[in-house]
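Q:
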Amino acid sequence: MKIKKAVIPVAGLGTRFLPASKAIPKEMLTIVDRPTIQYIVEEIVASGIEEIILVTSEGKSAIENHFDYNFELETILKNKNKHELCEEVCNISNLIDIVSVRQKKPLGLGHAILTTRNVVGDNPFVVLLGDDLVQSDVPCCQQMLDLFDEFQQPVVAIQQVADNQTHQYGIIEGEKIRDRVYEVKRMVEKPAPGTVDSNLAIIGRYILMPEIFDLLANTTPGHGGEIQLTDALQALSKRRPMYAYEFEGTRFDAGDKIGYLKAIIAFALRHPVLADEFRKHLKEVAAGI
Ligand code: UTP
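Going by our numbering, the sequence shown opens with residue 2, and the numbers climb by one from there.
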């Protein structure tokens, strides 16, 4: 079965990024020369997905506008003979079909996924969080789709984190079945320190089966009073095999101030035009520290 749809939830409040995120969605903050969310959309497009479902909320219309046509801007750029820039702006709108659904209250990531039920329909789908960036040679989403092709079962992306950070993540316990791949036995959202025997943290990439919707509908508020995707995933893992995949690449939590700064440096160092000059500058800065 081929996966055609990707869900990007962007309806969170973004409190960790205040005051920057007061009037601008954190997903619209710039990493070098494009907003964070554009990297996510480009990863999805590069992985062969055909449609994106954005879960939005009040104040997030800048994200929808970014991927829409802007005739006025395009006309002005054409009239000024800025054809290359005009093409670049147009290409963003041509990347992929995007539809939005609105999460009326920020009741949690699980609830955000549940709001896409009618649009996703009865097929497996992929979820990418709008502020979780992965820099890799093969797009992280593609790596996960390759694993799904093999197992035809849900997959969560994981990375190892320091033991003193496990309380910030959903943590899986599982049995390693081969390099980078675990069969999930248990999942816990933001466990209290010392209560889990694993440092395998779920990051913002998931492949889900449509039966997750019934499970989410029956999930009561968990950690932080929110409907947690991890709780529904734990229930799903009791029904069928579920796999955790240690992806190849580096992940940045761009919804967090320090993660955002690290992402800017990493992506700038890979930028086709800016990298050389930026590297030189960083060396000068490092020499002065
Ligand atoms: P986060 O844990 O990053 O929460 O959500 P947040 O509200 O965006 O940011 P902070 O923690 O207050 O700074 C993980 C993902 O789930 C989405 C967010 O947009 C983000 O992509 N989310 C979260 C929703 O779509 N709706 C919600 O009710 C909660």
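Just so you know, even glycine gets a beta-carbon here, dropped at the ideal spot from N, CA and C.
In chain order, which beta strand (DSSP E) runs of at least 3 residues are fully inside the stretch 128-211?
A: If we require 3 residues or more, the beta strand (DSSP E) runs fully inside the stretch 128-211 come out as 133-136, 156-161, 171-179, 182-190 and 201-209.
Q: Please state whether DSSP places Phe126 in a helix, a strand or coil.
A: Three-state DSSP puts Phe126 in a strand.
Q: Thr16: beta carbon under 7 angstroms from a heavy atom of ligand 1?
A: Flag set: Cβ of Thr16 near ligand 1.
Q: Report yes if the C-beta of His112 is less than 7 angstroms from at least one heavy atom of ligand 1; otherwise report no.
A: Yes, the Cβ of His112 comes within 7 angstroms of a heavy atom of ligand 1.
Q: Pick helix, strand or coil for Ser58, following the three-state DSSP scheme.
A: The answer is coil: DSSP assigns Ser58 none of H, G, I, E or B.
Q: What first and last residue would you give for the beta strand (DSSP E) that runs through Asp98?
A: Segment Asp98 to Arg103, the beta strand (DSSP E) holding Asp98.
Q: Please report the straight-line C-alpha distance between Pro10 and Ala287, rounded to a whole angstrom.
A: Each residue's Cα considered, the two are about 37 angstroms apart.
Q: Does any C-beta atom of chain C lie closer than 8 angstroms to the C-beta of Leu30?
A: Given the protein chain composition of this structure (a single chain), no chain C is represented.
Q: In whole angstroms, what separates the C-alpha of Leu230 from that of Leu130?
A: Roughly 12 angstroms between the two C-alpha positions.
Q: Answer yes if the stretch 26-35 comes into contact with the stretch 130-149, meaning at least three C-beta pairs across the two stretches below 8 angstroms, and no otherwise.
A: Touching, yes.
Q: Who are Lys6's beta bridge partners in DSSP?
A: Paired residue(s): Glu52.
Q: Whose C-beta lies closer than 6 angstroms to the C-beta of Gly122 among residues of the same chain, with five residues either side of it excluded?
A: Cβ neighbours of Gly122 beyond the five flanking positions: none.
Q: Using the three-state DSSP reduction, which class does Thr220 fall into: helix, strand or coil?
A: In this structure, Thr220 counts as coil in the three-state DSSP scheme.
Q: Quick check on Phe214: does DSSP put it in helix, strand or coil?
A: Residue state, collapsed to three classes: helix.
Q: Spatial neighbours of Asp164 within its chain, please: C-beta separation below 7 angstroms, excluding the five flanking residues on both sides.
A: Counting only Cβ-Cβ distances below 7 angstroms, and skipping sequence neighbours, we find Asn200.
Q: Asn124: which of Lys79, Leu55, His224 and Ala7 sits nearest, CA to CA?
A: The residue with the shortest Cα to Cα distance from Asn124 is Ala7.
Q: Report the three-state DSSP secondary structure of Ala21 (helix, strand or coil).
A: The answer is coil: DSSP assigns Ala21 none of H, G, I, E or B.
Q: Tell me the residue span of the beta strand (DSSP E) that contains Phe253.
A: First-last of the beta strand (DSSP E) with Phe253: Thr251 to Asp254.
Q: With DSSP as the reference, label Ile228 as helix, strand or coil.
A: The answer is coil: DSSP assigns Ile228 none of H, G, I, E or B.
Q: Using the three-state DSSP reduction, which class does Arg35 fall into: helix, strand or coil?
A: In this structure, Arg35 counts as strand in the three-state DSSP scheme.
Q: Exposed or buried, Leu55, counting other C-beta atoms within 10 Å across all chains shown (16 or more means buried)?
A: Looking at its Cβ environment, which holds 16 or more other Cβ atoms inside 10 Å, Leu55 is buried.
Q: Only counting the same chain, and skipping five residues up and downstream in sequence, which positions put a Cβ closer than 6 angstroms to that of Asp314?
A: Residue 314 lies beyond the range of the chain shown here (2 to 290); nothing can be said about it.
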